[in-house]
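Notes follow the structure.
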Amino acid sequence: MTSRRPLTKAQKVVLTAAFVPMLATGIAGGVGTYSNISRAYGSGTAVGAVSAGEGATAVLALVLLGLTMLGQSSPWVIRVGLWALPAAASVMAAMAADDPGRTVIYAVTPMGMCASAEGMAFLARRIVVHTDGRDAESEVRAAAVVQALAYHRARAANHPDGRVKKRSERKSWRLARKVGRGDASLGVQLLDIQRERVTDGADAALADMFSVAAMAPVRELCGPDEAASLPAPHAPAHPALPPADEATTTPADGAGDEPYELVNDRADGVREDEPRTPHAPRTDPVKAAYEAQQQAEYEEAERERLRLEARRTYVESAQAGRALSARALGEAYGMSESWGRKQILAVRDEETTRPRLRAVEDETDTPAA
Numbered sequence: 001m002t003s004r005r006p007l008t009k010a011q012k013v014v015l016t017a018a019f020v021p022m023l024a025t026g027i028a029g030g031v032g033t034y035s036n037i038s039r040a041y042g043s044g045t046a047v048g049a050v051s052a053g054e055g056a057t058a059v060l061a062l063v064l065l066g067l068t069m070l071g072q073s074s075p076w077v078i079r080v081g082l083w084a085l086p087a088a089a090s091v092m093a094a095m096a097a098d099d100p101g102r103t104v105i106y107a108v109t110p111m112g113m114c115a116s117a118e119g120m121a122f123l124a125r126r127i128v129v130h131t132d133g134r135d136a137e138s139e140v141r142a143a144a145v146v147q148a149l150a151y152h153r154a155r156a157a158n159h160p161d162g163r164v165k166k167r168s169e170r171k172s173w174r175l176a177r178k179v180g181r182g183d184a185s186l187g188v189q190l191l192d193i194q195r196e197r198v199t200d201g202a203d204a205a206l207a208d209m210f211s212v213a214a215m216a217p218v219r220e221l222c223g224p225d226e227a228a229s230l231p232a233p234h235a236p237a238h239p240a241l242p243p244a245d246e247a248t249t250t251p252a253d254g255a256g257d258e259p260y261e262l263v264n265d266r267a268d269g270v271r272e273d274e275p276r277t278p279h280a281p282r283t284d285p286v287k288a289a290y291e292a293q294q295q296a297e298y299e300e301a302e303r304e305r306l307r308l309e310a311r312r313t314y315v316e317s318a319q320a321g322r323a324l325s326a327r328a329l330g331e332a333y334g335m336s337e338s339w340g341r342k343q344i345l346a347v348r349d350e351e352t353t354r355p356r357l358r359a360v361e362d363e364t365d366t367p368a369a
């Protein structure tokens, strides 16, 4: 429920200063009408005419003002009477004029009471809307429009006559244009929802613009023998050692049958490994993009799990009779109030689209007549 907002001292002064001229205008209209009619028909007739015209208008204006201050809507009879009675007084005063110029003046004079009554009622209505946060007139009109729209939609869907269906279909579209017209609170809520959707759209657009696209995996090429083509081997870091010189010993005379030995001047040497500078590890772009995609999918799954858990929490609180607010739901999961409102709206959308089951009594359970 909307909290009350009392009027400030400056607002009270300004509104009082606005009410005084309105009241004075209504009184001046009644006095002028009395003066005009008394010249033609006498004071007694003038009193009766003013009582029937301006007096009745003043009564209706006070009733309208009282209903407005109480936050209630006024019947249409009061609205019609506020204009019909001064109009009748204008016609009566115009009949008492002697020339065309006075006819116009006499006819316009009673309208001061009508304008005064409507102005005071409108200003009182705005004061009530400011202090209470609700407009009774707008609520009544909105309820009437929604009721008529529901009736015509039902008749357009289920009426047996095709022509009646078409008329109701056209009527429902005309009524749809009036839904929410003049409702300030509905306008504020729709603007909040629209701001959230614009924010989400901008977030998605920026994420699409600045995110790194995942690269497609590189397909390995195969040779004619169905073996994977291997990259060319790197050149060795150190040049190969030259072949060792082979020295032979010539056997002495008479010793041809003895085996000879190959002598290598590096046979007894030990090769020492030279220090090498380690290469920096290479980052595979395909693997990095794949890991980024996997991480994004994991984060999205976590967010979806958090949303489902928040909706289940809200449903349980509503079933227990303690429905959580959007702020409380968002704070419970470390999120904002708008995030909590989205989850509540999602739950309500699911409730409206979920089929309702109706229990059917078993014929065997009913007692026989």
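First residue of the sequence shown? That's 1 in the UniProt record's numbering, and the numbers climb one at a time after it. Where is the CB? At the ideal position from N, CA and C, for every residue including glycine.
CB of residue i within 7 Å of CB of residue j, strictly
i           : j    : result
T109        : G29  : yes
N36         : A87  : no
L64         : S74  : yes
T68         : R125 : yes
P171        : H152 : Here the sequence assigns Lys to residue 171, which means Pro is not the residue at that position. Yes, the pair counts as a contact, with Cβ atoms nearer than the cut-off.
residue 372 : A301 : In the structure as shown, the chain begins at 1 and stops at 369. Residue 372 is therefore absent and cannot be evaluated.
R327        : E337 : yes
A40         : L82  : no
I78         : L62  : no
V14         : Y34  : no
T131        : R5   : yes
D183        : S138 : yes
Counted within 10 angstroms of its Cβ, other Cβ atoms place residue i as buried (16 or more) or exposed
i           : result
Y106        : buried
I193        : exposed
S168        : buried
Y298        : exposed
K287        : exposed
residue 377 : The structure shown does not extend to residue 377, since the chain is modelled only from 1 to 369, so the question has no answer here.
T211        : The sequence as given places Ser at residue 211; Thr does not occur at that position. It counts as exposed.
S43         : exposed
A204        : exposed
L175        : buried
A46         : buried
G101        : exposed
P198        : The amino acid occupying residue 198 in the given sequence is Val; Pro does not appear at that position. That one is exposed.
V80         : exposed
V128        : buried
Whole-number beta carbon distance between residue j and residue i, since they are thought to touch under 8 Å
i    : j    : result
G330 : G340 : 3 Å
E89  : E54  : In the sequence on display, residue 89 carries Ala and not Glu. With 8 Å as the limit, A89 and E54 qualify as a contact, their Cβ atoms being about 6 Å apart.
Y314 : L324 : 6 Å
Q72  : A136 : 5 Å
L123 : A18  : 6 Å
L149 : V179 : 7 Å
- prompt: For the stretch 132-210, which segments carrying the alpha helix (DSSP H) assignment without a break, of at least 4 residues, lie completely within its bounds, in sequence order?
  reply: Counting whole runs of 4 or more residues, the stretch 132-210 contains the alpha helix (DSSP H) stretches 136-158, 162-176 and 184-210.
- prompt: At a cut of 8 Å, does the stretch 138-145 reach the stretch 109-123 through at least three beta carbon pairs?
  reply: The answer is no - the stretch 109-123 does not touch the stretch 138-145, with fewer than three Cβ pairs under 8 Å.
field: Segments assigned alpha helix (DSSP H), at least 4 residues, entirely inside the stretch 95-134
entry: If only uninterrupted alpha helix (DSSP H) runs of at least 4 residues are considered, those enclosed by the stretch 95-134 are 100-108 and 111-132.
message: Just to confirm the assignment: which complete alpha helix (DSSP H) runs, minimum length 4, are found wholly within the stretch 283-346?
response: Within the stretch 283-346, the complete alpha helix (DSSP H) runs of at least 4 residues are 285-319 and 326-332.
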